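Residue numbers (our numbering): 5 to 242.
This is the structure in structure tokens:
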């Protein structure tokens, strides 16, 4: 029987937690608290010891690298397929900032409990290892995508992945975050969104995106969407 605490308001749960055997799933949930992550909520900063691990239920968390000149570059995004802030050792840190990009809810677990559970639960530990491998595959694919593909292709990829994670056709996203995702100026974001909107694929106004034609968006996106999606899907079925 499903445990209600792992289910978000739109019926989606965290796929790694949901893939655990009943007892392990119950233990993870009992050791976690459910939290709301509003847009721009910072989960941790670069180099900061990670004291909590997050299992998103919906919404999107962005991992970004802040530069000395104030610019911010997105490294990866994480939704209900994954885990935010996986520490490899107690008091470990990461070289990125984690910030909520699309609002949603999450299960939050102490890093100490997370490490103890993954060390002693073979199934949980194996799922985490699979996810880490898929996550780095996503980072590598996205790096190639950002170098080689057009803004419209990359924006389509990002929107499709967010649509998968949020589970809703409409969600809020600011020009600021879209510009970080594309590594472009706001004017470029506006142009790319306008092209997709003129094609009848999305509606974008006042910080809200509505997916109007999912199949059309997939046709416009580069192959990176399916490559990344396949790698993340394999975590819970491999």
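Note that beta-carbon positions come from the ideal geometry of N, C-alpha and C, so glycine has one too.
These numbers come from a predicted model, not from an experiment.
Please state if the CB of residue j and the CB of residue i are separated by a distance shorter than 7 Å.
i: residue 231; j: residue 19; result: no
i: residue 122; j: residue 132; result: yes
i: residue 226; j: residue 145; result: no
i: residue 193; j: residue 179; result: yes
i: residue 75; j: residue 67; result: no
i: residue 57; j: residue 115; result: yes
i: residue 128; j: residue 87; result: no
With DSSP as the reference, please indicate the residues paired to residue i in a beta bridge.
i: residue 82; result: 65
i: residue 37; result: 112
Would you mind reading off the limits of the beta strand (DSSP E) that contains residue i?
i: residue 201; result: No beta strand (DSSP E) holds residue 201; the alpha helix (DSSP H) holding it covers 190 to 202.
i: residue 52; result: Note, residue 52: premise wrong, no beta strand (DSSP E); not H, not E.
Which residue comes first and which comes last in the alpha helix (DSSP H) that contains residue i?
i: residue 174; result: Run containing residue 174: none in the alpha helix (DSSP H); it sits in the beta strand (DSSP E), 174 to 176.
i: residue 33; result: 26 to 34
i: residue 210; result: Looking at the DSSP string, residue 210 is not in any alpha helix (DSSP H), and its letter there is neither H nor E.
i: residue 43; result: Careful: residue 43 lies outside any alpha helix (DSSP H) and carries neither H nor E.
i: residue 233; result: 228 to 241
i: residue 243; result: Outside the shown range of the chain (5 to 242) lies residue 243, about which nothing can therefore be said.
Below 6 Å, is the gap between the Cβ of residue i and the nearest heavy atom of the ligand FAD?
i: residue 81; result: The model depicted lacks the ligand FAD and carries no ligand whatsoever.
CB-CB under 8 Å to residue i, same chain, minus the five flanking residues each way: which ones, in chain order?
i: residue 248; result: Look at the range of the chain in this structure, 5 to 242, and you will see that residue 248 is not part of it.
i: residue 7; result: With a pLDDT of only 44 at residue 7, under 50, the local geometry of the prediction cannot be trusted, and the value read off the model is given with reservation. Cβ within range, chain order: 29, 30, 33.
i: residue 177; result: 105, 106, 166, 211, 212, 213
Only counting the same chain, and skipping five residues up and downstream in sequence, which positions put a Cβ closer than 7 Å to that of residue i?
i: residue 23; result: 131, 240
i: residue 9; result: Residue confidence for residue 9 is low, a pLDDT of 48 falling below 50, so the modelled location carries little weight; the figure read from the coordinates is stated next. Here the set comprises 33, 38.
i: residue 161; result: 149, 225, 226, 228, 229
i: residue 188; result: 155
Note down, in chain order, each residue of its chain lying with its Cβ closer than 6 Å to the Cβ of residue i, except the 5 sequence neighbours on either side.
i: residue 45; result: 104
i: residue 181; result: 105
- request: May I have a chain-ordered list of the alpha helix (DSSP H) segments no shorter than 4 residues that lie completely inside the segment 95 to 158?
  value: 115 to 124, 126 to 152
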